[in-house]
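Residue numbers (this note's numbering), protein chains in the order written: chain L, 1 to 113; chain Y, 1 to 112. Notes follow the structure.
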């Protein structure tokens, strides 16, 4: 069983602050995906990281995949109220038996104006 | 390009009944996966279908089943509903392989 530990579970910050969300596992994943989910909606894909050590930037969001492809982080610079939501990391295990996403427990972020 | 469509959006059932949920994947996507999301357990994998074949199954009882049709649309069935089955059921589709999964907005199932 592949497990993903995500931290912190909850984060409440002021607009303009920076934050980092961590996603750790003892398993190696084919790739790792970050999603954001808002109430009443399904998760929306933010980014996929595939290569160990890979860094991807999406405006104020920076995603990093660990060298061993077991961990990842999401850093948000100058957070805004619009960043509020549930952030989910998910490791993809892909093989002959198909593919399966294993999700972390999520980080609920609230950015106060 | 239309996204993943799940119907119905909301459903209320009573214990012992059965329910069927539907998912239409993104056009061209042949892999469809189902997940259960609850406040206590988070998102948990139910099963994955590819070209009408179940390739992967999560750790759920046999009351949870699914199928996929030749047009890649998928259905999920839960029989003998229990209170603990109350959850948001999410469907995701992908091209398969290592391609990312894209989610629908889910079906909110409430068991009374």
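Where a beta carbon is used, it is the ideal one built from N, C-alpha and C, also for glycine. None of the values given here were measured: they were computed from a predicted structure.
Query: Of all the CB atoms in chain L, is at least one closer than 9 Å to the CB of residue 90 of chain Y?; Result: yes
Query: Residue 82 of chain Y and residue 15 of chain Y look like a contact to me (Cβ under 8 Å); what is the Cβ gap, rounded to whole Å?; Result: 6 Å
Query: What three-state label does DSSP hand residue 61 of chain L in the structure shown?; Result: strand
Query: Using a Cβ-Cβ cutoff of 8 Å, what residues of the region 17 to 42 of chain Y are near chain L? List them in chain order.; Result: 31, 33, 35 and 42
Query: Look at the Cβ atom of residue 24 of chain Y, then the Cβ atom of residue 6 of chain Y, and state whether they are nearer than 9 Å.; Result: yes
Query: So, do the region 95 to 113 of chain L and the region 61 to 68 of chain L have three or more beta carbon pairs nearer to each other than 8 Å?; Result: no
Query: Looking at residue 47 of chain L and residue 33 of chain L, is the spacing between their C-beta atoms short of 9 Å?; Result: yes
Query: Provide the residue span of the beta strand (DSSP E) that contains residue 72 of chain L, from first to last.; Result: 71 to 76
Query: Short of 9 Å Cβ to Cβ, which residues in the region 18 to 36 of chain L face chain Y?; Result: 30, 31, 33 and 35
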